[in-house]
Structures are given as C-alpha cells and as structure tokens.
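Here the sequence shown is numbered in our numbering, starting from 362 and rising by one per residue.
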Amino acid sequence: METAAPSKGTAAAVPPGRRTAGRLLLAFIATLLLLTLFSNTLLQYSLPQVSVKMPIQGMLQYKKNGSGTIKPVETFELRTEAEWPIKELKVKVGDSVRKNQPLLELDTEEARNTLDTEELSYQQLKINLEKLQLDYKQAVYNGDEQQQDSLALDLESARLSLEAQKLKVNRLREKISRGSVMTSSADGVVTELNVSVGGVVPAGTPAVKVASLAGGFLFHAVLSEEETELLRVGDALSITVPELDDASLQGKIQSIQTPAPESPGGKEENPPASGQKEVTATVSDKRLRGGESATFEWVRKTQQKKENMLLPLSAIRESEDDGTFVYLLEERKGALGTEYYLRTSKVTVKDTDDKNALIGDGVAWGEQVVVSGDSSLKDGKRVRVDDATPEGG
Numbered sequence: 362m363e364t365a366a367p368s369k370g371t372a373a374a375v376p377p378g379r380r381t382a383g384r385l386l387l388a389f390i391a392t393l394l395l396l397t398l399f400s401n402t403l404l405q406y407s408l409p410q411v412s413v414k415m416p417i418q419g420m421l422q423y424k425k426n427g428s429g430t431i432k433p434v435e436t437f438e439l440r441t442e443a444e445w446p447i448k449e450l451k452v453k454v455g456d457s458v459r460k461n462q463p464l465l466e467l468d469t470e471e472a473r474n475t476l477d478t479e480e481l482s483y484q485q486l487k488i489n490l491e492k493l494q495l496d497y498k499q500a501v502y503n504g505d506e507q508q509q510d511s512l513a514l515d516l517e518s519a520r521l522s523l524e525a526q527k528l529k530v531n532r533l534r535e536k537i538s539r540g541s542v543m544t545s546s547a548d549g550v551v552t553e554l555n556v557s558v559g560g561v562v563p564a565g566t567p568a569v570k571v572a573s574l575a576g577g578f579l580f581h582a583v584l585s586e587e588e589t590e591l592l593r594v595g596d597a598l599s600i601t602v603p604e605l606d607d608a609s610l611q612g613k614i615q616s617i618q619t620p621a622p623e624s625p626g627g628k629e630e631n632p633p634a635s636g637q638k639e640v641t642a643t644v645s646d647k648r649l650r651g652g653e654s655a656t657f658e659w660v661r662k663t664q665q666k667k668e669n670m671l672l673p674l675s676a677i678r679e680s681e682d683d684g685t686f687v688y689l690l691e692e693r694k695g696a697l698g699t700e701y702y703l704r705t706s707k708v709t710v711k712d713t714d715d716k717n718a719l720i721g722d723g724v725a726w727g728e729q730v731v732v733s734g735d736s737s738l739k740d741g742k743r744v745r746v747d748d749a750t751p752e753g754g
C-alpha cells in the first residue's frame, strides 16, 4: 500500500523533541539576560555613589561674623570730693541727663561737724593773737625790750597759725559746698553707678559714668589675629542691635589694634590674651545709649573676571602623592550602557572663601567634578552618579 505524499503548501511536522529543545534554549537565553541585568544592577548599586558639579564663573565672597559692644566715644568719670556716705541717688543706669543735672547727694553731716570744730579753733587762735597783741603793747609801754623781742616772735607765730587755720576752714567750707551734690558734666546717659545709699565710694573709683551723646558711638569687638587678616580700616560692617528691635546699622572700621588693658578704678588689670585684636567701628543711631550688645557681619567680594573658575571646597582633595587634586568624571560606553570612572587631575587653588575655591588650572569648563564621596574613591575607579546631582555649581 502506498503512502500518500504531503500536499504542496502544507508545513512539515516538527518533531516534539525539537520543539522542547527550542523552548529550553529560549528560556536559557532569557534567563541569562535576566541574570546579566540583575547582576549588573547589583554591581551598579554596590559602586561608590558620587555627586558631581561643573565649574562655574563667579566671585569669591569672604565673610566674617562676630559680636561686641557699642560704647560711647566720650565718657565722663565723675568722682566724689571726699569719701562721704551717699545720702540720695537721683538717677539710675540708663537715665538721660542734662549738663549740671544733680546725680546724687552726699551726706556731709560729719564734714559739717568737723567744719564747726575747725571754726572754733580759728576763733581760739584769733583770741590768742589778740591777747599777744595786748601783751606786746604793754611791753612797749613798760620799755621791756627783752619781753618785746620774745612777744614779737610769738605774735608772728600766732599770725601764721591763724592764717593757716583760716585757709583750712575756707577749704573745708568750699569742699562741702562743692561736693555735697554731684552734677553731670555733659548731656548724656548714665552708663555706670558704683554707689549705693549709705555706702562710701572708694578713693580713685568713679562714682558715676556718663556717656556723652554728642561724641557719637563706637562698636568694639575683640577677634583673633587670624580673623582680622582680611579686615581693613575703612571697610563697612553691618551691625545688628537686638535691643533696638534687631535694627541693622551701618558701621565703618576705624581701627584694628591690640586691645588696651582695662583699668577700672585706676588699677592695672592683666593684659589681654596674646594674638587678639580689637576692631572698632563708627556707628550712629539716635536710639543708641551705649552698652548695647551687637553682632556684626563683614563681607568682601573678589573682582569679577571671565577666567574666574569656582569649584565647591568639597571638590578639593589633598594627598602626599598627588598634592592638591580633584576627581573628574569620565564616561565610557559599556555593554549595557554608559559607565562612569574617576580620573585624578592636579589643580592649582588661587584662593578660597568659606564655600568655594578659585581654580587656576587642572579643570576645563564643562568637565564634571566630583564634589562628594567616601574615602574609597581613587583614580580609575568605577562609580555611580547621584541622579539628583545638579549640573552647575
């Protein structure tokens, strides 16, 4: 019996074994691709992650901040005439005063009692002189030359004693008159009171300090020598005064010098710590009274130039082998897409501020520079780039 040949146009039947082998091959290839992608993904996430930025054109901006105190340019130190007790205080710290306005009254009772005693002594000396004058006239009348000579010496001594006592009485009387009430020597503000009712002001210590409003004010801040390296006389300061509702005042640096030791009461204090500088700046505002605490900010920008290339400080690295350098990001085509590698490039840093570095050479415009990453980074290493990295600085 003859087998009929398959008709034209009908596909030859595929043996079941070949179909199974084909499916297994496709599954193997798909699995291999999946494993490759999976392993590549794992590798990608195991790589060090870095952030990059491109250099930008700009200016360095130097800033200094600090705090200090506003003080009057001219302060009057008022002292008592004598160590008398304080009877009454007529002002307090912060009060505005006018010239010749009474500030305090002293208890002069003991001084007045002393004056009464000295005046009695004066009267006694005066009577003694008058008696000697009468005795001298009697000796002249009697012609007793020896007694005349003796009385003449006594008379001269008595006259001198009387004059001395008169001078003593007048001075004490003037001292009581002038010193019983202390008055202000200028229009100003009371900045210091070193007295209390019933107390005695020690000799040499000012009882009251009055800041003259007419003389203006200075802002004082003590900084380290390093902090003042960039500051110059004439530079502007922005001064904020919390006591004046955070008012922002403009000041101008007047001097930068070693601070003088303060000597309250005329007693020398220990000299200021070495390496310190006192910065003083003129400042003006009608609300100032002296003694206000304040903060300052100093800002200076470098000259804008086309060649000014800036990079964040975080991009600058140093090592004994490479000196000062940066890591540049290089792109390479891999089997599954773009891959990123690091390349070390030595750079010259011209200057820095608190955020950026001014680059002299070693980086070209448009190159991507690594600005973050851990200590495992090294030249030629493959890395993963943070997707959130901005393109510019």
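Note that the Cβ used here is the ideal one computed from N, Cα and C, for glycine as well. These numbers come from a predicted model, not from an experiment.
Query	Result
Same chain, Cβ closer than 6 Å to A676, neighbours up to 5 away in sequence not counted	V687, V730 and V732
Alpha-carbon to alpha-carbon, E586 and S680	29 Å
Assigned secondary structure, T755 (DSSP; H/G/I helix, E/B strand, else coil)	Since the first residue of the chain shown is 362 and the last is 754, residue 755 is not available in this structure.
Boundaries of the alpha helix (DSSP H) in which S654 is found, first to last residue	Careful: S654 lies outside any alpha helix (DSSP H), inside the beta strand (DSSP E) at S654 to K662.
Nearest-angstrom Cα separation, counted from D740 out to D715	27 Å
Per-residue burial, K707 [other beta carbons within 10 Å of its own, 16 or more giving buried]	exposed
Length at least 4, wholly inside the region 442–484: the alpha helix (DSSP H) runs in chain order	none
Supposed contact pair N669 and M415 - C-beta distance, whole angstroms, cut 8 Å	Incorrect: roughly 14 Å between the Cβ atoms, too far for contact.
At least three beta-carbon pairs within less than 8 Å, the region 528–540 to the region 551–569	no
Cβ-based burial, E653 [other Cβ within 10 Å; buried from 16]	buried
N531: first and last residue of the uninterrupted alpha helix (DSSP H) it sits in	E506 to G540
Start and end residues, beta strand (DSSP E) containing V640	Q637 to V644
Enclosing beta strand (DSSP E) for L610 [first to last residue]	A608 to Q618
When R473, L467 and E438 are compared against T552, the one with the closest alpha-carbon	E438
Unbroken beta strand (DSSP E) run spanning K570, endpoints	V569 to S573
Option in W726, R743 and L674 with minimal Cα separation from V710	L674
Short Cβ contact (8 Å threshold) for I600 with L610	yes
Same chain only: Cβ atoms within 6 Å of G721, ignoring 5 sequence neighbours per side	T709 and K711
Proximity of A597 and D646 at Cβ, strictly below 8 Å	no
Cβ shell of K527 (< 7 Å), same chain only, five flanking positions each side left out	Y483
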